[in-house]
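Position one of the sequence shown corresponds to residue 247 (the numbering used here), numbered consecutively onward.
This report refers to the structure that appears directly beneath it.
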Amino acid sequence: EVALALLDAGAPFLWVVRSSESHKLPAGYAAAAAAANGMVVSWCPQLEVLAHPAVGCFLTHCGWNSTAEALVAGVPMVALPQWTDQPMNAEYVEAVWGAGVRVRPAAAGGLAARAEVARGIEEVMRGERSGEYRRNAAAWMEKARAA
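What follows is the structure, given as structure tokens:
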């Protein structure tokens, strides 16, 4: 679902898929991603990528480290939580900090639907509140720098 949602969202992307997980990608996905201005890699320096001004949003599971790194970099998030602290962190991203949106699963304990993931990306990148998400994320970056 995530793989196809990235293509559907129509924005350039960099997606880290561990080598041990790459067999789960649809056949021909790397070529489709490249044609859509996307790239799939097995690793990247996350902090350096988040600090790059071309990054429009961060699709994240909302583990605490990734969430904090995105806030420090001032990058709005599309939260796709799975378990433990991630749902609470995602709730903060959306409802408390206003630094992104939370993508919800189709059913309790299930996966988020392709259309829902694409909707989240589109909302943060080009939606009515995209400027607000970016401003709020930038404000958290400034707070982190001041700390």
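We treat Cβ as the ideally placed atom computed from N, Cα and C, and that holds for glycine.
- Excluding five sequence positions before and after arginine 264, the CB atoms of its chain that fall closer than 7 Å to its own CB belong to Ser288, given in chain order.
- Three or more Cβ pairs drawn from the stretch 356-373 and the stretch 248-255 lie within less than 8 Å of each other, which places the two stretches in contact.
- Around the beta carbon of glutamate 369, a 10 Å sphere encloses 16 or more other beta carbons of the protein chains shown; the residue is thus reported as buried.
- Two segments are said to touch when three or more pairs of C-beta atoms, one from each, lie closer than 8 Å; by this definition the stretch 375-388 touches the stretch 315-326.
- With respect to the C-alpha of arginine 348, the residue from Glu374, Asn283, His307 having the closest C-alpha is His307.
- Per DSSP, reduced to three states, the secondary structure at threonine 306 is strand.
- DSSP, read as helix, strand or coil, puts tryptophan 386 in helix.
- Counting only runs that start and end inside the stretch 250-320, the beta strand (DSSP E) elements of at least 3 residues fall at 259-262, 284-287, 304-306.
- The shortest C-alpha to C-alpha distance from asparagine 311 to any of Gly302, Gly274, Ala336 is the one to Ala336.
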